[in-house]
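To keep things clear, I will list the structure first and then write my remarks on it.
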Amino acid sequence: MNISVADRITAAMSSMTRLEKRVARVLLARYPAAGLASVTAFAEQAEVSAPTVLRFIAKLGFARYPDFRRALRDEIDDNRTHPRTKPRTKGPSPAGDDLSELLDVVRSTLADLDVAVVEAVIELFADERRSINVLGGDLTTTVAGHLLYHLRKMRRSVFGLPATIQERADRFIDLGKKDIVVLFDTRHSQTDVVTTARIAAQRGCTVVLFTDQSMSEASEVAKQILCAKAETSSPWDSLLGLTAIVETIALAMDRRLGLAARPRVEAAERYRRILL
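Last residue of the sequence shown: 377 in our numbering, with the numbers rising by one and none dropped.
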């Protein structure tokens, strides 16, 4: 089975420069149409130079721009011949089909997860000299909260970035090179989350982004990017892929910290019982 251009982008994202990530985001947002244009037109859409586009496709494994365009056309032809998703009927689909589709979201996400990126994120999160500051958008706030829940039990200096703009602006004052900003932002991109990423990067923070295949604009400044599958045959995106990545991070953190985190977990549980 041929690897799609979108999957190549996901695999190569961590090695891309800021401008190359911008090209990737534009292509994924208008996939595959943006890449079928001439190299000059594609570069104009992404507001980069033509050489940047050529460097981008080289990282995807294409020696020439015509090879890149041919791969996109082949995907279109293949999808016409073998549609990957069945159109929904007017009535609800059988529950078994829905479950199978959601299982595929999780399987695809974990199968495509870059182990090197996961390990790099674990190293960052395990460094208690750094604070961790987490923010989700309207759609992803529950998944961001799930990560917060796990990290707070394992180590100190883990905070949720305030949802209110003024409080978040105040928090920026205390952030710098030793701090990590973790953001959740999908194709339903929130301007304030993307702006938070840019401000954090300007202040020298390490930005870790949890996103989907469409790639948030925040990817342009993110040091590490964890990408989940989100699309289903319904109008609603699934959060199961992002949740699976969070669970993977939590398990890996537990193994990384080992017995060192146990006293903290036990103390938190003891205080919880007292409060009840």
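Quick reminder that beta carbons are idealized off the backbone N, C-alpha and C, glycines included.
Can you tell which of the options has the C-alpha that lies nearest to the C-alpha of residue i?
i	options	result
glycine 238	Glu370, Ala130, Gln291 and Leu204	Gln291
alanine 107	Arg123, Ala151 and Leu161	Leu161
lysine 330	Pro152, Leu211 and Phe285	Leu211
leucine 155	Met117, Asp271, Asp179 and Lys254	Met117
arginine 109	Arg131, Ile158 and Val127	Ile158
glycine 261	Gln267, Glu268, Asn234 and Val244	Asn234
threonine 349	Ile223, Glu176, Leu173 and Ser105	Ile223
glycine 246	Ser232, Glu229 and Ala264	Ala264
phenylalanine 163	Tyr250, Ala113 and Val366	Ala113
asparagine 103	Asp179, Leu376 and Glu229	Asp179
valine 308	Val295, Lys324, Ile300 and Thr297	Lys324
leucine 214	Arg231, Val347, Tyr372 and Val366	Val347
leucine 352	Tyr250, Thr242, Leu200 and Thr243	Tyr250
aspartate 378	Asp338, Pro364 and Val127	Nothing in the structure corresponds to residue 378, since the chain is present only between 102 and 377.
arginine 174	Ser209, Tyr132 and Glu145	Tyr132
threonine 242	Asp271, Leu225, Leu120 and His289	His289
glutamate 121	Arg356, Val149 and Tyr372	Val149
Determine, using beta carbons only, whether residue i and residue j come nearer to each other than 7 Å.
i	j	result
aspartate 275	cysteine 306	no
valine 218	serine 320	no
arginine 123	alanine 147	yes
leucine 252	valine 259	yes
phenylalanine 311	leucine 343	yes
lysine 302	valine 283	Strictly speaking, residue 302 in this sequence is alanine, with lysine absent from that position. Result no, Cβ atoms of alanine 302 and valine 283 do not sit closer than 7 Å.
threonine 333	aspartate 313	no
lysine 278	alanine 369	no
threonine 153	cysteine 328	no
valine 140	alanine 151	yes
serine 105	glutamate 202	no
alanine 362	valine 207	no
arginine 269	glutamate 229	no
If I'm right that residue i touches residue j with Cβ under 8 Å, what's the distance once you round it to whole angstroms?
i	j	result
arginine 221	leucine 358	Checking the sequence, you will find alanine at residue 221 rather than arginine. Actually they do not touch by this definition, with Cβ atoms about 16 Å apart.
arginine 304	phenylalanine 273	7 Å
serine 315	leucine 129	5 Å
aspartate 293	isoleucine 326	That pair is no contact at about 19 Å.
isoleucine 297	leucine 376	As written in the sequence, residue 297 is threonine, which differs from the isoleucine given in the question. About 32 Å; that fails the 8 Å criterion.
leucine 225	arginine 231	7 Å
Quick check: is the beta carbon of residue i nearer than 7 Å to any beta carbon in chain D?
i	result
serine 232	Chain labels in this structure do not include chain D; a single protein chain is all it has.
Runs of beta strand (DSSP E) lying entirely within the stretch 226 to 312, each at least 3 residues, in chain order
Complete beta strand (DSSP E) runs here, min 3: 232 to 237, 259 to 261 and 280 to 285.
Using 8 Å as the cut-off, can you tell me whether the stretch 165 to 179 makes contact with the stretch 133 to 148, which would need three or more C-beta pairs spanning the two stretches below that distance?
Taking 8 Å as the limit for Cβ pairs, the verdict is that the stretch 133 to 148 does touch the stretch 165 to 179.
Going along the chain, which unbroken runs of the beta strand (DSSP E) with 3 or more residues stay wholly within the stretch 160 to 186?
none
With a floor of 4 residues, list each alpha helix (DSSP H) that falls wholly inside the stretch 330 to 361, ordered by position along the chain.
341 to 358
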